[in-house]
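What follows is a short report on a single structure.
Number of protein chains: 4
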Amino acid sequence: MTKFLSDNAAPVHPKVWEALRAADEADDPYDGDALSAQLDERFTDLFGRECAGLWVATGTAANCLALATMCQPHGGVVCHEEAHIEVDEGGAPGFYLHGAKLMLCPGESAKLTPEGIAALIDPIRDDVHQVQPHAIAVTQASEYGRTYSSTELAALSGFAKTRGLGLHMDGARFANAAAFLNGKAHDAAGMVDTLAFGFIKNGGMSAEAVVLFDPTQADLVKYRRKRAGHLQCKGRYLAAQIIAMLENGLWLANARHANAAAADIASGCGERLMHPVEANELFVRLSAEEREALRTQGFEFYDWGADAARFVTAWNTRDEDAAALGRAIASL
Amino acid sequence: MTKFLSDNAAPVHPKVWEALRAADEADDPYDGDALSAQLDERFTDLFGRECAGLWVATGTAANCLALATMCQPHGGVVCHEEAHIEVDEGGAPGFYLHGAKLMLCPGESAKLTPEGIAALIDPIRDDVHQVQPHAIAVTQASEYGRTYSSTELAALSGFAKTRGLGLHMDGARFANAAAFLNGKAHDAAGMVDTLAFGFIKNGGMSAEAVVLFDPTQADLVKYRRKRAGHLQCKGRYLAAQIIAMLENGLWLANARHANAAAADIASGCGERLMHPVEANELFVRLSAEEREALRTQGFEFYDWGADAARFVTAWNTRDEDAAALGRAIASL
Amino acid sequence: MTKFLSDNAAPVHPKVWEALRAADEADDPYDGDALSAQLDERFTDLFGRECAGLWVATGTAANCLALATMCQPHGGVVCHEEAHIEVDEGGAPGFYLHGAKLMLCPGESAKLTPEGIAALIDPIRDDVHQVQPHAIAVTQASEYGRTYSSTELAALSGFAKTRGLGLHMDGARFANAAAFLNGKAHDAAGMVDTLAFGFIKNGGMSAEAVVLFDPTQADLVKYRRKRAGHLQCKGRYLAAQIIAMLENGLWLANARHANAAAADIASGCGERLMHPVEANELFVRLSAEEREALRTQGFEFYDWGADAARFVTAWNTRDEDAAALGRAIASL
Amino acid sequence: MTKFLSDNAAPVHPKVWEALRAADEADDPYDGDALSAQLDERFTDLFGRECAGLWVATGTAANCLALATMCQPHGGVVCHEEAHIEVDEGGAPGFYLHGAKLMLCPGESAKLTPEGIAALIDPIRDDVHQVQPHAIAVTQASEYGRTYSSTELAALSGFAKTRGLGLHMDGARFANAAAFLNGKAHDAAGMVDTLAFGFIKNGGMSAEAVVLFDPTQADLVKYRRKRAGHLQCKGRYLAAQIIAMLENGLWLANARHANAAAADIASGCGERLMHPVEANELFVRLSAEEREALRTQGFEFYDWGADAARFVTAWNTRDEDAAALGRAIASL
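Residue numbers (the numbering used here), protein chains in the order written: chain H, 4 to 335; chain Y, 4 to 335; chain P, 4 to 335; chain G, 4 to 335.
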C-alpha cells in the first residue's frame, strides 16, 4: 500500500529525533529552557524582521492563539468559507475567541482577495446589531494547495491596514508554499501580523510555532497558551523540534521534496487537475471506478466528493511511489 | 548541582523513548491509530472497571476536559484553596468551563473532607443568585504530597453522590499516591467519576490521560479536546508514551523510586517536616541561612515562603543524591 | 410624517400601562411576585400543553436563553442565513452559547425546510473535526414576514426529532403569525421545544417571554437568566406586561390590527411585492426615485437594498395611514 | 406588615411614572431616541468630568459591562469577598468576562483598602501560571452600608493607577452613599474609571446606568450590551427613568429620605449595630427570640445569619414606620 492520505501522520524526521533525544539534557520546565529561549531569535533571523516565536502542540491552537491577539469576543474573523478554521477545527475559534464569529468569504482555490473581502464586509452596517470584522485569516498554502504571491499578500495586508483589520496566516503548509515561491520565508509571509508556522506535517512530531510580528503581543499569547492548557512542562521537546526543522533549512528541504513528489504526480494528471498544483496537495477529477482502480493498485487516498480524489505527499514520500501514482493516473 | 526543583522537567524514561520511536511505524492520524485504540482497554484493565482513556498533552487540559463533563458554565467546582487548578493553571478552568466558578475550601495538607466541603456549600442559598456547586475536585497526591486513603475516598464519593455532585481527581502525581498506598490503581482512584492520570512528571514526555469512568462521556471529551486544539494529528506518539508507562507497571516502579528517594530525604528532616511525606514532595522548615547553606552544597530547590523549602524527587533521582540531601539537612 | 419604519418603537398599549401601574402594589422582588408566578399557568392554558414561561427584557435574550437549553458550547444551531440571530443580534448567540456555531441555511422567504436543513447538515462528517448540529431555530413569522403552517411545523419537528435536534422558534412576531394562521397559539407554535414569544413589538414595553415546553428546563434558564444580568429585581413589571397582553386576547387583537394594515398596504403593491404579505411586514420593489416620492409625501420607511423598501405596521398604525400608503404606492 | 426587606422591590416613584408615560411620544428605536441621546451630557454635568452614560436594565449587567472594559478573559478582578458580584450575581462576571477570575479580598464592613489589596496581590507570581489582576471593584455604599470617603477613594485610585489596574465602582446604592457624604456625585465617585449607577432601588423601575469616565470605551460597551441582549428596542423608557431621577436631584432626595429613615431606626439600636449606619441598610444583632418578637409586631426583614437581622429602608419608607421600628428594637 502506498499512502497519499495526508502528510499529517508521516513519521518524524531523523534530524528531529536527534534533537528530541538531545533535549533530554536540558531541564528547565515550561518555556524556561535554553531551547525555547532561542525561538524569538531564530524566527527573527528567518523572517528578517523582529518577531516572537512560541511553540504549541497543534495548528488549531496556533491559529486560535494568534487570532486572539486581533479579534475581540464581539468581533469577527474573515476567512474563506472552506478554511480549516471554519471547516475542520471543531469550532476551536469560537472557543478561543469567546464566541467571535467567522465571516465566510468565497474565493477561487480557497484564496481570499481584497475585492472578495470587501464584497463581504462592505454591506455590514456600522452598528451594534451586526458583528464587525476585526481580522482576516488567510491560509498559505490554501486548502486547495494554492499559494499567495508576495504581490497578492501585499494587496491583502494593505487592505487589512486600510480597514483597521488584523491579518493572520494559517501556515499549516507554510513550508510548502515558501518552497513553491522563492524559498524565502519573508516573501511567503508578507506583512501578516501573525503566522501559525506548521512543522508537524513537514517532519515534526508535535510542535508548531505561533510567530508574532508584533512581539509586544507575546505576553498575551503566553497567558492564553497557559490558560488553554498548552504550556507543556517539558516544552524543551517542542522547541527542539522547531529548531531542528529550522536548522540548515530542513523545513524547506522537506517541503521541496514533498512538492516535487506532488509535481511528479501532477504531470500524469493533465486536465484532471481541479487546481494548479503548487504545494503538496492534488485534487484530481476521478470517477468512482477510476478511484477503485487506483486503490486496487495499492494507492491510498481520500475521496473528494463524488467525482474527485485528494492526494497529499509528504517529506517521506518515495520518489518511485509518486512516479508510479502519476503513471497510474495517466493510464486510466 | 543536584536538582530537587521539580519532577516536571525530568528527562524521558528510556522505555518511553523506545515506544516513541516504535510509533513511527503506525500512521493513522489523530486518535485513529492502533495505539490510541488500546487506551480504553488498558485503563479498564488497570482499574478493574469500565472506563475510557484519552490522551492529552498537559495536566491542565486533562483536568479541565474532565471537569467539563460535570460542571456547567453556570455552576461551580469545589476544590482546595491551594489546588493546582486554582493557583497554578492560569485560569484554565474558567476558560474550559466557560466562566464556571472555583469554590475554595480550606483543609489540612491541601486535602478535602466531606465535612469541610459541607461547611463551604451548605450556606449557599438554593437560589439563582448564588452559584451552585456542580462538582468536587480532589488532588491525589495533594499539593502537599499527601494521599487520600480508600476510606477517605469512599467518604468523599459517598458525599458527592448524596449531594448530586461530580467527583474529579487531579492525578498529576497519581502514581506516587498509588505507590504510597497499596499500589493498586483502583484503590488510589476510589469511585471518582474522572481522573487526570499524570505520566509526564513520572517519566513521560508529553502525554497525560483523561480517564472517564462513565465511558459515555468520552464523546463529549473528544469534541471538547478537538475544540481546545488538543487533538494532535500524530496522537500515536502520545498513546505510545502512556502504553509504555502502563506496560509492566513502569508507572508504579518509577513512582516507587521517587517516593523512596523522598522518604530517604525525609529521614533527615525530623521536626522540620511541615507535612508527612507520603509521595515525592517534601516541605521543610528551613531558614534563609539554612537554605543558603544547602545551595552552597549544590542542592537546587524552591523556596516555600520565607521560612521553608520544597524538594521534589523524580523517577531519575539518584539514590546517592537523595541520601546526601537527607544528610545535609540533618547536619544543619 | 407617517412612520412605517418598524413596530419595535411603537408606544406602549393603554392596557399595558394600566397593568404596569397596578404592579406598583406587588412588592416581592425578582420573580417571586404574584404576577410572575402566574406565567407558567397562563402559557400552559394558552398553548394547551404544559410549559414554563419566563420574562426577559429582549428577544435577543429570549432566543439565546432558549437555545442554551439545546445547544452545547461545541455544537451548532441551524438557522436561516438571514435569521435575526445571525444577522442582527450582534453575535449574542456566540456569547450565550459560549462559542457555538450558527449553521446557515438558505431558504425561500427566510424559511427553513427539512430538505434544506438536510442538504446543509448531511455532508457534515460525523467526527470531532466538524461542528455537529445540536438544534434548529426557525422564525415565526420569518424575517420576510412569512409564516409556517402547522403542516410545515409538523414536518420540521418530525425532522428535528429524527435527527436528535432541538427545535426553537424565534417568535418576535409570533402574534402576527398566529393572527394570520388560525389565531391558535398552539398551531402557530407547533411542537417546538422552546419559543421566544414577543410582546414588545406588539404593544408591550420591555417584556418578552421564554416559553419552555419541557418545563424541567426552567431551572437551567433561570440560572442562565440571572447570570446574564436579566433577572430584574422589579420583575413584576415585566410579568404585568405579559399578563396584560394575554388577557382577553390583546396579543391577538393587536396583531390582527397590524396585519390588517399591512394587507391594506399590500393591496396597492401588486407585482411589486417581493414576498406574500402574511404578517405585518412588506418588502416592496421600489426604485430610488419612487422611494423619494413616497418620502416627499411624508412616509417614513427603510430602504431594503438598492431597489426595494421595507414597510412595517404596528398595533397603533392608523387605518387611514395604511390606506394612504397603499394608494400612494399604487399611484407611483 | 411593615416591610424592611429590601429597597429592591419598592414601587416606582411618581416622577418616574410621569417620565415613562411621556416617553410614549418619542419613537426612535434602541438608543437612537432623543432621551437616550441626553445621557452623556447629563452625567457629564453631574460628575463635572467628561463621561458617557448608557442605560441597562440591571445592576448585574451594568457591573459586568463596565468590568469588561478593564479586565481581559485571562485576568482577574479584585473585589471584596462579600461583594455582590462575587456572592449574589449568579456568576455573571464569569460569563461577561469570559472566565476571568474574581480575586477575593477581606476588609472591614465589606470595604477594600490599598493595603488589603496589596496583601492579596503582591504574593501573586508574575508568571503565566497565575491569574494576574487587571482591575479592582469597590461598592459604594458597601454591602454593609458603609461609604468610601473621597480620601479613601483617592488612595484607591492612586493605588490602582500605580499598579496599572482599572477601578470600577458598583453603585447599586451610590445615591445613598452620596447622600451620606456631601451630596456631590463627583466626590462619591472619586476617580473611578467606571461606575454602575443604580436607580432602581432608589425609585426607578428598570434602568441603571453604566457611566464611563473614559468615553472612548463607550463603543465597546455598546457592542457588548447588544451582544448580551441588553439593548432594548424601546430604550427610551429606560433613558426616561434615568433623566427623571437626575432631574432636580430626585436621586439625592430619595436617597436622603431612605438614609434618614435608616438613621432613625439606628438611633434605637445602640450597641446592637454591627456596622455604623451610613446609608440605608442596618445590620443589627438580634436573637431568634427578638426577631420573632419584631415579626409579631408586623415588621418584615431578613435574618442575617443566626444572630442578626438586616433592615433596609427605601425612598418610600414611611417616617412613622421607621420610628416605630427604632422604638421596637430599643424596647427589646
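For glycine and all other residues, C-beta sits at the position ideal for the given N, C-alpha and C.
Taking a 10 Å sphere around the C-beta of P136 (chain Y), we find 16 or more other C-beta atoms and assign the residue as buried. Note on geometry: alpha-carbon atoms of I245 (chain P) and D10 (chain G) lie some 24 Å from one another.
Here the stretch 263-281 of chain G makes no contact with the stretch 193-205 of chain G; the two share fewer than three CB pairs at distances below 8 Å. Ranked by Cα distance from I88 (chain H), the options H:L68, H:F304, H:H77 are led by H:L68. In this structure, the straight-line span from the alpha carbon of D310 (chain G) to that of T5 (chain G) is close to 21 Å. Taking the beta carbon of R230 (chain H) as reference, the chain Y residues within 7 Å of it are G93, G94, A95, F98, listed in sequence order.
Chain-order list of chain P residues neighbouring G102 (chain H): G94, G97, F98, H101, G102, by C-beta distance under 7 Å.
Judged by beta-carbon spacing, A13 (chain H) lies within the 8 Å limit of W318 (chain H), meaning their Cβ atoms are closer than that value.
Using a Cβ-Cβ cut-off of 7 Å, L234 (chain Y) is close to V131 of chain P, given in chain order. The beta carbon of S153 (chain Y) lies closer than 7 Å to those of D190, G193 in the same chain, with the five residues before and after it left out.
The shortest C-alpha to C-alpha distance from V80 (chain P) to any of P:M106, P:A40, P:D91 is the one to P:M106. The stretch 321-334 of chain Y makes contact with the stretch 295-306 of chain Y; the number of CB pairs closer than 8 Å reaches 3 or more.
Under the 8 Å criterion on CB atoms, R227 (chain G) is classed as interfacial with respect to chain H.
Within the stretch 34-71 of chain G, the runs of beta strand (DSSP E) that reach at least 3 residues and sit entirely inside it are, in chain order, 55-59. Within the same chain, and ignoring the five residues on either side of A269 (chain G) in sequence, the residues whose Cβ sits closer than 7 Å to its Cβ are L276, V280, L285. Put simply, the backbone Cα of Y147 (chain G) is about 30 Å away from that of A243 (chain G). A distance below 8 Å separates the beta carbons of H83 (chain H) and G110 (chain H). H:H233 is the residue among H:H233, H:N185, H:A221 whose C-alpha sits nearest the C-alpha of A60 (chain H). Secondary-structure assignment with DSSP links T142 (chain Y) through a beta bridge to Y:D173. In the assembly as shown, S209 (chain Y) is a buried residue. Its beta-carbon has 16 or more other beta-carbons within 10 Å. A212 (chain P) and A64 (chain P) do not touch by the CB rule: their CB atoms are close to 11 Å apart, not below 8 Å.
A contact is defined here as three or more CB-CB pairs under 8 Å, and the stretch 85-100 of chain Y meets this definition with respect to the stretch 219-237 of chain H. If you draw a 10 Å sphere on the C-beta of G102 (chain Y), you find 16 or more other C-beta atoms in it, and that means buried. The beta carbon of H137 (chain Y) sits no closer than 8 Å to any beta carbon of chain P.
Comparing C-alpha distances from A37 (chain Y) to each of Y:T47, Y:A256, Y:R239 shows the shortest one belongs to Y:R239. Contact of I203 (chain P) with chain G by beta-carbon distance below 7 Å involves C236, K237. By the CB criterion at 8 Å, L335 (chain P) and E274 (chain P) fall outside the cutoff.
Residue environment: K237 (chain G) is assigned as buried (16 or more neighbouring CB atoms within 10 Å of its CB, all protein chains considered). Taking C-beta atoms as the reference points, A256 (chain G) and T316 (chain G) fail to come closer than 8 Å. In this structure, the alpha-carbon of F304 (chain G) lies about 14 Å from that of S290 (chain G). Rounded to the nearest whole angstrom, the C-alpha separation of D217 (chain H) and L184 (chain H) is 24 Å.
Taking the CA atoms as reference points, L57 (chain G) sits about 20 Å from V141 (chain G). P76, H77: these are the residues of the stretch 55-85 of chain Y whose beta carbon lies less than 7 Å from some beta carbon of chain P, given in chain order. Non-local C-beta neighbours of T320 (chain G) in its own chain, meaning closer than 8 Å and more than five positions away in sequence, comprise F7, H260, A261, A264, ordered along the chain. Inclusion of A138 (chain P) and F50 (chain P) in the CB contact set at 8 Å is not warranted, their separation being larger than that value.
Between K18 (chain P) and A247 (chain P) the beta-carbon gap is near 5 Å, inside 8 Å, which marks them as a contact.
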